[in-house]
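As structure tokens, the structure follows; a few thoughts come after it.
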Amino acid sequence: MQRRFVIEAVLVATYGHLLVPSRPIDYVVPYSSIAELYEMRDGADPVMDDPDDDGHVKAKINDLIAFFEDPLNRKKIEKAMQVPWRESSPLLLNELIQFTVVHGVDNAHYGETFDPIETELLLTGMKLGIPLLSDQFEFQDRLIEAGVPVQVYDIEDFEFAVEEGISSEDLEMSNEP
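Written out as structure tokens, the structure is:
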């Protein structure tokens with residue numbers, strides 16, 4: 054059975070273990086986070102503190118950009134971009150990993166607490182009923198404080214999320230008084 058997670062595109066480039074899952078994965082990526090890849094690749098600021106790591110991650114960012122720019126994938130993305138909240142057809146990376154690009158547009162809903170990309174991640178997770186993967190502890194804390202009704206897994210818990218995860222029933226029971 055395939056697992057779906059909402060994730061920023063750069064996290065897939067940054068964390069290599071996300072590209073070798075133990076079961077099929079569908080990474081659901083808001084289009085705005087793909088656009089952010091270009092800024093990270095072309096910007097003067099390093100993505101990682103260590104120069105060797107930075108070079109490696111920027112090479113992976115280039116690989117991911119090339120994947121999204123593949124003519125077939127670009128066509129699927131462009132079709133999704135015609136309607137708000139439309140999901141692209143699956144973009145197949147390999148036999149275990151596919152990407153689905155979402156054209157999120159309503160990023161003002163949580164604008165006071167979260168930046169536009171964070172808001173798109175949250176709204177995508179809420180609209181599709183799927184959990185988020187994140188590496189930002191502050192984001193996860195703000196999500197909990199704001200009571201946003203979306204499940205989030207830390208990147209470090211990726212294997213648990215893939216293998217077992219927490220069912221929506223278990224999650225609802227843990228929220229009961």
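Residues in the sequence shown are numbered from 54 upward in steps of one, following our numbering.
Even for Gly, the Cβ is constructed at its ideal location relative to N, Cα and C.
In the same chain as Met134, and ignoring 5 residues on each side of it, the C-beta atoms closer than 7 Å to its own belong to Tyr84, His156, in chain order. For Thr172, the closest of Leu144, Val203, Pro143, Phe152 by C-alpha to C-alpha distance is Val203. With a threshold of 16 other beta carbon atoms within 10 Å, Lys128 falls short and is exposed. Between the segment 87-107 and the segment 173-180 there are fewer than three C-beta pairs closer than 8 Å, too few to call the two in contact. Shown here, Phe192 sits in a helix according to DSSP, grouped into three states. In this structure Glu92 is exposed. Its beta-carbon is surrounded by fewer than 16 other beta-carbon atoms within 10 angstroms. Contact annotation: Pro74 and Ile150 have beta-carbon atoms nearer than 9 Å. For Leu185, the enclosing beta strand (DSSP E) covers residues 185-187. By the neighbour-count criterion, in which a residue is buried when 16 or more other Cβ atoms sit within 10 angstroms of its Cβ, Phe121 is buried.
Counting of Cβ neighbours within 10 angstroms places Asn115 among the exposed residues, the total staying below 16. Where Thr172 is concerned, there is no enclosing beta strand (DSSP E), although the alpha helix (DSSP H) around it starts and stops at 169-181. In the three-state scheme derived from DSSP, where H, G and I count as helix and E and B as strand, Val203 is classed as coil. The three-state reading of DSSP puts Val82 in strand, counting E and B together. A Cβ-Cβ contact shorter than 9 Å links Val81 with Glu140.
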